[in-house]
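Undergrad: If you read the sequence shown in UniProt numbering, its first letter stands for residue 1, the second for the next number, and so on.
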Amino acid sequence: MIPHGTTAREEQRSQAGEELSPSELAAWRGMLRLTHRLRRDLGEQLSTHHDLSMADYDVLVALAAAPDRSMRMSELADIVLQPRSSLSRIVGSLERRRLVQRSRVESDARGSSAALTAEGYRLFAQAHRTHIAGVRHRFLEHLSTDQLEDLATAWKCVDPDVEHG
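1. Is it buried or exposed, Q45, if we count other Cβ atoms within 10 angstroms and call 16 or more buried?
2. Nearest to S53 by alpha carbon, out of E141, R39, A64, E75?
3. Express the C-alpha separation of R110 and L94 in angstroms, rounding to a whole number.
4. Based on the DSSP output, what are the partners of L116 in its beta bridges?
5. Measuring CB atoms only, is the segment 97 to 110 touching the segment 143 to 162, in the sense that at least three cross pairs come out at less than 8 Å?
6. Rounded to whole angstroms, what's the CA-CA distance from S113 to Q82? Just pull it up for me.
7. Could you spell out where the beta strand (DSSP E) holding S70 opens and where it closes?
8. For D108, which beta-bridge partners are listed by DSSP?
9. If we ignore side chains and look at the alpha-carbon of each, how far apart do L20 and G30 end up?
10. Identify whether F139 lies in helix, strand or coil by the three-state DSSP scheme.
11. Kindly provide the ranges of any alpha helix (DSSP H) runs that are 4 or more residues long and lie completely inside the segment 27 to 82, ordered along the chain.
12. Using only CA atoms, which one of T35, A64, A55 lies nearest to A115?
13. Put residue 243 into one of helix, strand or coil per three-state DSSP.
14. For L42 and R122, what's the separation of their Cα atoms in angstroms?
15. Whose C-alpha, out of E75, V59, V80, is nearest the C-alpha of T117?
16. Between the alpha carbons of R72 and V162, how many angstroms are there, rounded?
17. Give the DSSP-derived three-state secondary structure of G86 in the structure shown.
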């Protein structure tokens with residue numbers, strides 16, 4: 001089926017990989033722009049109110065959700081979508097603030113883990129409220145329940161693991 005407003009030739013070019021149809025381009029650019037703007041705006045809120053970057057917050061979220069609020073650095077890197085070298089800097093900064101504590105994994109001499117401290121959990125809980133309010137205000141309030149369900153379905157079509165991340 002050809003999307004409304006798209007010519008058959010545009011659809012053929014799109015399917016052949018030559019260029020995106022207008023609807024494909026609008027969906028792609030919209031997703032990129034919205035993601036960038038939301039992360040920037042939410043990051044500014046976290047920085048202003050809690051002295052955290054989005055990357056800091058992502059680490060705190062992952063650790064808060066982990067069993068014993070602790071996980072291996074390699075697993076944490078996969079969850080927060082950061083290269084290990086970047087994650088090491090982020091965790092180092094959080095460690096200096098006593099929000100996270102790093103330790104060696106006893107069963108693996110080269111492995112290390114990060115654990116959320118009590119102080120880190122308190123800051124996470126405060127920042128989480130700010131983050132949720134920002135997500136609702138900047139994104140969720142603008143969409144109907146049906147639109148949210150459609151988006152959730154679309155994300156799963158692109159990445160079946162999206163609900164787990």
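Just so you know, even glycine gets a beta-carbon here, dropped at the ideal spot from N, CA and C. Predicted, not measured: the structure shown is a model, and the values here were computed from it.
TA: Answer, in terms of the structure:
1. buried
2. R39
3. 21 Å
4. V100
5. no
6. 15 Å
7. 70 to 72
8. V105
9. 13 Å
10. coil
11. 54 to 65, 73 to 80
12. A64
13. Any answer about residue 243 is impossible in this case: the structure gives the chain only from 1 up to 165.
14. 19 Å
15. V59
16. 21 Å
17. Here residue 86 is Ser; the residue named in the question, Gly, does not match the sequence. Note: S86 maps to helix in three-state DSSP.
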